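Note sheet for the following structure.
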Amino acid sequence: MTLEKPTPTPSTSQIGLDYDVAIVGGGVTGVTLACAIKDSGLSVALIEAQPRSKVIAKEQSYAISLLSSRVFEGIGVWERILPQIAQFRHIRLSDADHAGVVRFETADLGTEVLGYVAEHRTLLSALYEFIEQECPHVSWLSPAEVMGVDYQDSGVEIELKVEGEKHQLRSQLLVGADGARSRIRTGAGIRTWGWQYWQSCVATTIKHEKSPNDTAFERFWSSGPMGILPLPGNRCQVVWTAPHAEAKALKELDEKQFIEKLESYTGGLLGRLELVSDRVLFPVQLMQSDRYVQSRLALIGDAAHCCHPVGGQGLNLGIRDAAALAQVLQTTHKRGQDLGNLRSLQTYERWRKRENLTILGFTDLLDRMFSNHWLPAVMVRRSGLWMLRRVRPIKTYALQLMTGLRGHLPQITKQRGERGQGDKGTRGQGGL
Ligand SMILES: Cc1cc2nc3c(=O)[nH]c(=O)nc-3n(C[C@H](O)[C@H](O)[C@H](O)COP(=O)(O)OP(=O)(O)OC[C@H]3O[C@@H](n4cnc5c(N)ncnc54)[C@H](O)[C@@H]3O)c2cc1C
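Start counting the sequence shown at 245; every next residue gets the next number (the working numbering).
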């Protein structure tokens, strides 16, 4: 474990604090926030309960949106990530075996790619390496468990257990990036609303015969959506949603039967398939926190909200939260204000809560419209798919929503270009 203190910045030393910002959670969203404020002069404590090698080792892959790629470009870490991940140039959306497939192409958006797919370990290793090499403002406290938090007028006092010993640190602001079951959120008395879906999700990696694979598939079966995302080396990430019992049975099927079933569901698109990872079963939920902030506290990522995995949006929302909060904190700091002041933090909440709700609603609607046989729903969704194929503004709107290019874009996404191998995409409006 590491527990070294950085040289205090003027703002912390003046008011007798150890750090400006304490981030609880060393997953992708917490670490993205730490990296995104690297040029602000703020000192950061990054507190992670597990050893970092264990956090990196999680078997998962994510669709990374164009917006998230621009956040990473703005930070300066994208060139470390890009060579190790897959890109997709086509998206195919289909309603089970119905012939009317919606085809999204790069020309629809004027970009070179439509998105990326990264393995968790690749993404997080690159971010951890970036922190080690480029972020002297960040101190790792890991493995370190948060035992208690005391929110005071002048700062937050955080009690930690590190290798069985108690430590205390103070900061201006505490950020909860500690995932869906956030203890920081519950400890602060912030309530949530939402529901568990009737479905679970089986995620696994397959190797396939046919190449090249630069297409992301989302196929909606009445039991639930199935996403197939390309990975480097003729591999794909499969995210297969089905009612709980069916999903459990899929996980427990022997390998040969699972592959046969998968081949029948993918219609031979990828040729012969081979399973190359364990099958992991995830519960699926929608959750939104009543508040993202209170005095001296902000929540980001899954600690603030969770959505259905259809469309691969969850982590991308968290990355966008991190970029937005980083921008608000830098503005507050430049104005010489306290980072924990509620009025500034509410700027972040107003910005992100509504945008996240749009995506939570969109993914919920997609799942409900497609996961049933009710004739009116079948007719509505077939008309929806027809419009997506034929009405250009609707197609562009849907694509911009999925790639993150709609809404209030964080300033950091505009610091790309001179640095990178950008996607040459369209730009939205933004700036705080
Ligand atoms: C099957 C499936 C597929 C998905 N696919 C996609 C996709 O394609 N694209 C996408 O964008 N999203 C996807 N998601 C969603 C995505 O996985 C989550 O949104 C994302 O992992 C959340 O990241 P996070 O950093 O907010 O939280 P987490 O990844 O949960 O990280 C939280 C961190 O906090 C640490 N922690 C917890 N408690 C404490 C504590 N008390 N003290 C210190 N540290 C603590 C944990 O150890 C952990 O490292 C998918 C989800 C599922 C289930």
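The C-beta atom is built at its ideal place from N, Cα and C for all residues, glycine as well. Here the structure is a predicted model, which means the values were calculated and not measured.
Grab the span of the beta strand (DSSP E) containing residue i for me, first residue to last.
i	result
Thr448	Thr436 to His452
Ile267	Tyr263 to Val268
Glu402	According to the sequence displayed, residue 402 carries Ile and not Glu. Where Ile402 is concerned, the enclosing beta strand (DSSP E) stretches over Val400 to Val406.
Gly392	Glu389 to Tyr395
Glu409	Glu409 to Gly420
Glu462	Thr459 to Trp465
Ser383	Val382 to Leu385
Arg479	Arg479 to Pro487
Ile291	Val288 to Ile291
Ile656	Here Ile656 belongs to no beta strand (DSSP E), and DSSP marks it neither H nor E.
Leu475	Gly468 to Leu475
Would you kindly work out how many angstroms separate the C-alpha atoms of residue i and residue j, rounded to a whole number?
i	j	result
Ile656	Ile319	7 Å
Gln581	Pro553	38 Å
Pro476	Glu403	43 Å
Pro474	Val361	7 Å
Ala542	Met531	16 Å
Lys498	Asp522	Per the sequence shown, residue 498 should be read as Asp rather than Lys. Distance between the alpha carbons of Asp498 and Asp522: 12 Å.
Val419	Ser309	24 Å
Thr607	Ala432	28 Å
Ala330	Asn478	10 Å
Thr459	Cys480	10 Å
Leu367	Ile503	28 Å
Ile335	Gly556	12 Å
Glu363	Gln571	27 Å
Leu326	Leu643	22 Å
Leu610	Met623	14 Å
Phe348	Phe614	19 Å
Glu376	Tyr306	24 Å
Cys445	Ser284	40 Å
Leu653	Thr485	31 Å
Arg427	Ala343	47 Å
Pro387	His617	48 Å
Ala289	Arg587	23 Å
Gln673	Leu649	Residue confidence is low: Gln673 scores 32 on pLDDT, short of 50, so the model does not pin down where it sits. No coordinate-derived value is stated.
Gln294	His488	29 Å
Gly423	Asp546	5 Å
Arg296	Lys302	11 Å
Val390	Ile638	46 Å
Gly392	Arg535	20 Å
Glu317	Gln659	8 Å
Leu385	Gly269	10 Å
Ile603	Leu569	18 Å
Ile450	Val524	13 Å
Asp264	Gln396	14 Å
Ala548	Asp565	9 Å
Glu490	Val528	14 Å
Cys379	Val315	16 Å
Which residue marks the beginning of the alpha helix (DSSP H) containing residue i, and which one marks its end?
i	result
Cys279	Val272 to Ala280
Pro620	Leu619 to Arg634
Ala567	Gly558 to Lys578
Gln590	Leu586 to Phe614
Val315	Leu310 to Ile319
Gly431	Arg427 to Gly431
Ser297	Arg296 to Ile300
Quick one: is residue i buried, meaning 16 or more other Cβ sit within 10 Å of its Cβ, or exposed?
i	result
Ala351	exposed
Ser508	exposed
Arg671	The predicted model places Arg671 with a pLDDT of 37, which falls under 50 and marks its position as unreliable; any figure quoted below should be read in that light. Label assigned to Arg671: exposed.
Trp630	exposed
Arg516	exposed
Leu619	exposed
Gln416	buried
His452	buried
Asp339	buried
Ser287	buried
Gln440	exposed
Arg540	buried
Val345	exposed
Lys597	buried
Gln258	Residue confidence for Gln258 is low, a pLDDT of 40 falling below 50, so the modelled location carries little weight; the figure read from the coordinates is stated next. Looking at its Cβ environment, which holds fewer than 16 other Cβ atoms inside 10 Å, Gln258 is exposed.
Gln501	exposed
Lys282	buried
Asp262	buried
Thr251	Below a pLDDT of 50, predicted positions are generally treated as unreliable, and Thr251, at 45, falls in that range; no measurement from the model is reported.
Thr647	buried
What are the uninterrupted segments assigned as alpha helix (DSSP H) that are 4 or more residues long and contained completely in the region 489 to 549, given in chain order?
-> Listed in chain order, they are 499 to 510.
If you scan the region 322 to 373 from start to end, which runs of the alpha helix (DSSP H) of 4 or more residues do you find wholly inside it?
-> List check, alpha helix (DSSP H) in window: 322 to 325.
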